[in-house]
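Counting along the sequence shown from 1, when you hit position 57 you're at 224 in our numbering, and nothing is skipped either side.
Ideal placement from N, C-alpha and C gives every residue a C-beta, glycine not left out.
Worksheet for the structure shown next.
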Amino acid sequence: MSPSTLVFGKIGAGEELVIHSHVPENGIIFGDGIEAGYFACNSGAIARVGLAERQANLIIRS
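This is the structure we're talking about:
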């Protein structure tokens, strides 16, 4: 496990979070708390996260 200096925060419209990976192997990114839905992010990878122009609504049938 590698140390993280930024573990939460907010971004606004037109802003983005840029992540540069330095993890040699088995690096992952997941943002919903579910590790199974991850993206590989090994050394040299760059991930850019921003706000979508549209918003989706989750509907659950009970």
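Exposure label - residue i; buried when at least 16 CB within 10 Å
i	result
G200	exposed
G194	buried
Pair within 8 Å by beta-carbon distance, residue i and residue j
i	j	result
I178	L218	yes
Cutoff 6 Å; reference residue i; Cβ partners in own chain excluding five residues on either side
i	result
I196	F206, C208, A214
When the options are compared against residue i, the one with the closest alpha-carbon
i	options	result
T172	R221, I227, S188, G211	S188
G198	S210, A223, R221, G176	G176
G181	V174, E220, A203, E192	E220
One or two residues paired with residue i in a DSSP bridge
i	result
L184	V216
F197	DSSP lists no partner for F197.
A203	A203 is not bridged to any residue.
Own chain residues within Cβ distance below 7 Å of residue i, not counting five before or after
i	result
G204	F197
Minimum Cβ-Cβ distance from residue i to chain C less than 8 Å
i	result
S229	Among the protein chains of the structure shown there is no chain C, as only one such chain exists.
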